[in-house]
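Chemist: Residue numbers (this note's numbering): 12 to 325.
We treat Cβ as the ideally placed atom computed from N, Cα and C, and that holds for glycine.
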């Protein structure tokens with residue numbers, strides 16, 4: 012069977028949303044994107060996203076126009092930018108593309124996009140439409156993970172470290188290590204799954220939807236994402252020594268079989284806490300949700316232009 016024709020084998024109107032603050036951004040990046048796509052015959056509209064803007068309000072009219080014109084919506088940024096644009100593309104059934112400009116770029120990696128901008132633009136221009144699953148907590152989409160407990164503290168300290176030392180991956184990793192070793196407050200949850208209720212004491216609940224990130228940690232739950240299911244990881248109470256051991260095993264990508272991590276796959280589940288509201292990190296962005304938290308996965312939720320080679324599931 013031959014590969015399907017490239018999605019952009021004819022001129023289309025491409026709306027590119029560029030996060031000015033993404034880790035890989037530079038002043039010449041909008042020009043490079045505009046010139047390369049325009050040289051292929053496409054009509055390009057660039058929308059620069061700056062800190063403090065209401066991205067949803069700004070982007071939605073352009074995405075509606077893209078749907079009306081059968082055009083393409085491209086998120087050029089990190090996983091947070093991709094998440095916001097993906098939520099709008101899901102809502103309006105718009106065709107989506109990704110150009111990785113962030114620190115980790117987990118969604119771009121899982122769909123097989125090159126990490127260099129020029130290579131990513133080339134892959135976008137030659138790519139085909141593929142369907143990808145999306146996770147949801149309440150009604151908020153997530154493509155990488157949605158986590159609560161210790162995770163919001165990790166993200167806050169990571170952003171503080173990045174503002175001081177730059178948006179490098181090593182800075183993010185070292186900041187996370189510091190948070191895990193110094194902040195281990197535990198709380199109780201009731202988890203409703205498959206008609207049963209389980210009670211846990213934990214310091215963090217991690218719900219993943221990205222096989223690349225899960226494999227990077229050596230978690231057997233990465234198999235969940237490959238099956239288009241949610242990977243649920245619950246951190247059990249542990250000592251400082253046990254925490255340090257888990258950190259090391261994560262660094263060397265060998266968390267498989269770790270006894271202090273409860274792991275399972277799910278299509279949907281609910282989590283209750285004693286507190287009426289819960290801080291949760293959704294693809295790197297902190298938000299507040301009411302308890303209980305309702306998680307679910309929707310296979311083939313997004314239509315995304317990806318390289319011709321079959322990407323990893325996620």
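Which term fits residue 95, buried or exposed, when burial requires 16 or more other beta carbons within 10 angstroms of its beta carbon?
Modeler: Counting from 1 along the chain shown, the entry for residue 95 is found at position 84. Buried.
Chemist: Skipping 5 residues on each side, what residues in its chain have a beta carbon closer than 7 Å to that of residue 269?
Modeler: The sequence position of residue 269 within the chain shown is 258, counting from 1. Result list for residue 269: 257 and 260, in chain order.
Chemist: May I have the straight-line CA-CA distance separating residue 24 from residue 136, to the nearest angstrom?
Modeler: On the chain shown, position 13 is the one that residue 24 refers to. On the chain shown, position 125 is the one that residue 136 refers to. So the two alpha carbons sit approximately 13 Å from each other.
Chemist: To the nearest angstrom, how far is it from the Cα of residue 30 to the Cα of residue 207?
Modeler: Here residue 30 corresponds to residue number 19 of the chain shown, with the count starting at 1. Here residue 207 corresponds to residue number 196 of the chain shown, with the count starting at 1. Rounded to whole angstroms, residue 30 to residue 207 spans 43 Å at the Cα level.
Chemist: Any chance you could list the beta strand (DSSP E) runs of at least 3 consecutive residues sitting entirely within the region 254-279, in chain order?
Modeler: List check, beta strand (DSSP E) in window: 272-277.
Chemist: Please classify residue 126 as buried or exposed, where buried requires at least 16 neighbouring CB atoms within 10 angstroms.
Modeler: Mapped onto the chain shown, residue 126 falls at position 115. Residue 126 comes out exposed.
Chemist: For the region 131-149 against the region 41-53, do three or more pairs of beta-carbon atoms, one drawn from each stretch, fall closer than 8 Å, so that the two count as touching?
Modeler: Contact holds: three or more Cβ-Cβ distances are below 8 Å.
Chemist: With a 10 Å radius around its C-beta and 16 neighbouring C-beta atoms as the bar for buried, classify residue 205 as buried or exposed.
Modeler: Stepping through the chain shown from its first residue, residue 205 is reached at position 194. Its Cβ having fewer than 16 others within 10 Å, residue 205 is exposed.
Chemist: According to the neighbour-count rule (16 or more other Cβ atoms, all chains shown, within 10 Å of its Cβ), is residue 327 buried or exposed?
Modeler: Since the first residue shown for the chain is 12 and the last is 325, residue 327 is missing from the structure and cannot be characterised.
Chemist: Compare the Cα-Cα distances from residue 3 to each of 107, 152, 148 and 154 and report the closest residue.
Modeler: Residue 3 lies beyond the stretch modelled for the chain, which goes from 12 to 325, so this question has no answer here.
Chemist: When you compare only the Cα positions, how much space is there between residue 301 and residue 148?
Modeler: Locating residue 301 in the chain shown gives position 290, where the first residue counts as 1. Locating residue 148 in the chain shown gives position 137, where the first residue counts as 1. Their backbone Cα atoms lie some 11 Å apart in a straight line.
Chemist: Could I get the ranges of all uninterrupted alpha helix (DSSP H) runs contained in the region 216-254, with 4 residues as the minimum, in chain order?
Modeler: For the region 216-254, whole alpha helix (DSSP H) runs of length 4 or above, ordered along the chain, are 222-227 and 233-237.
Chemist: Could you spell out the range, first to last residue, of the alpha helix (DSSP H) harbouring residue 40?
Modeler: Here residue 40 corresponds to residue number 29 of the chain shown, with the count starting at 1. Its alpha helix (DSSP H) spans residues 40-50.
Chemist: Beta-carbon separation of residue 221 and residue 156 under 8 Å?
Modeler: Residue numbering aside, residue 221 sits at position 210 when the chain shown is read from its first letter. Residue numbering aside, residue 156 sits at position 145 when the chain shown is read from its first letter. A contact, by the Cβ cut-off of 8 Å.
Chemist: Taking the CB atoms as reference points, tell me whether residue 122 and residue 315 lie closer together than 8 Å.
Modeler: Position 111 of the chain shown, counted from the first residue, corresponds to residue 122. Position 304 of the chain shown, counted from the first residue, corresponds to residue 315. It is a contact, given that the beta carbons lie within the stated cut-off.
Chemist: In this structure, what does DSSP give as the bridge partners for residue 147?
Modeler: On the chain shown, residue 147 is found 136 positions in, with the first residue counted as 1. The partner list for residue 147 (beta bridge, DSSP) reads 152 and 307.
Chemist: For the alpha helix (DSSP H) containing residue 209, name the first residue and the last one.
Modeler: Here residue 209 refers to the residue found at position 198 of the chain shown. Per DSSP, residue 209 belongs to no alpha helix (DSSP H); it is in the beta strand (DSSP E), 207-213.
Chemist: Is it the case that the Cβ atoms of residue 115 and residue 293 are separated by a distance below 8 Å?
Modeler: As a working note, residue 115 is residue 104 in the chain shown. As a working note, residue 293 is residue 282 in the chain shown. No, they are not a contact pair.
Chemist: Drop a sphere of 10 angstroms on the beta-carbon of residue 162, count the other beta-carbons inside from all chains shown, and report buried for 16 or more, exposed for fewer.
Modeler: Taking the chain shown and counting its residues from 1, one reaches residue 162 at position 151. Residue 162 is buried by the Cβ-count criterion.
Chemist: What are the start and end residues of the alpha helix (DSSP H) that includes residue 57?
Modeler: Start at 1 with the first residue of the chain shown, and residue 57 comes out as number 46. From DSSP, residue 57 is part of no alpha helix (DSSP H) but of the beta strand (DSSP E) over 54-60.
Chemist: Check each candidate in 164, 273 and 102 and name the one with the smallest Cα separation from residue 212.
Modeler: Position 201 of the chain shown, counted from the start, is the residue given in the question as residue 212. Nearest C-alpha to residue 212: 273.
Chemist: Cα separation between residue 297 and residue 217?
Modeler: Along the chain shown, read from residue 1 onward, the residue named residue 297 stands at position 286. Along the chain shown, read from residue 1 onward, the residue named residue 217 stands at position 206. Looking at the two C-alpha atoms, the distance is approximately 14 Å.
Chemist: Going by Cα to Cα distance, which pick from 20, 81 and 89 is closest to residue 103?
Modeler: Position 92 of the chain shown holds residue 103. Among 20, 81 and 89, the Cα nearest to that of residue 103 is on 81.
Chemist: Start and end of the alpha helix (DSSP H) containing residue 132?
Modeler: Here residue 132 refers to the residue found at position 121 of the chain shown. Start and end: 128-137.
Chemist: State the DSSP-derived secondary structure class of residue 157, mapped to helix, strand or coil.
Modeler: Here residue 157 refers to the residue found at position 146 when the chain shown is read from its first residue. Looking at residue 157 - three-state DSSP - the assignment turns out to be strand.
Chemist: For residue 66 and residue 60, what's the separation of their Cα atoms in angstroms?
Modeler: As a working mapping, residue 66 is identified with position 55 in the chain shown. As a working mapping, residue 60 is identified with position 49 in the chain shown. Using only the alpha carbons, I get a separation of about 7 Å.
Chemist: DSSP on residue 199, reduced to helix/strand/coil?
Modeler: Your numbering for residue 199 matches position 188 in the chain shown. Strand, per DSSP.
Chemist: Give me the Cβ distance between residue 219 and residue 255, rounded to the nearest whole Å; I'm assuming they're in contact under 8 Å.
Modeler: Looking up residue 219 in the chain shown gives position 208. Looking up residue 255 in the chain shown gives position 244. Not quite, the Cβ-Cβ distance comes to about 22 Å (not below 8 Å), so this is no contact.
Chemist: For residue 138, which residues in the same chain have their Cβ closer than 8 Å to its Cβ, ignoring the five residues on either side in sequence?
Modeler: Taking the chain shown and counting its residues from 1, the one referred to as residue 138 is at position 127. Here the set comprises 17, 18, 19, 108, 316, 317, 318 and 319.
Chemist: Measuring CB to CB, does residue 86 end up less than 8 Å from residue 28?
Modeler: The count along the chain shown starts at 1 and reaches residue 86 at position 75. The count along the chain shown starts at 1 and reaches residue 28 at position 17. Yes. Within cutoff.
Chemist: Excluding five sequence neighbours on each side, which residues of the same chain lie with their C-beta closer than 8 Å to the C-beta of residue 288?
Modeler: Here residue 288 corresponds to residue number 277 of the chain shown, with the count starting at 1. Correct list, in chain order: 299, 300, 301 and 302.
Chemist: By the DSSP assignment, the beta strand (DSSP E) with residue 110 in it spans what residues?
Modeler: Within the chain shown, residue 110 is the residue found at index 99, counting from 1. Here the beta strand (DSSP E) through residue 110 covers 107-111.
Chemist: Look at residue 43 and residue 112 and say whether their C-beta atoms are less than 8 Å apart.
Modeler: Translated into positions along the chain shown, residue 43 becomes position 32. Translated into positions along the chain shown, residue 112 becomes position 101. Contact: no.
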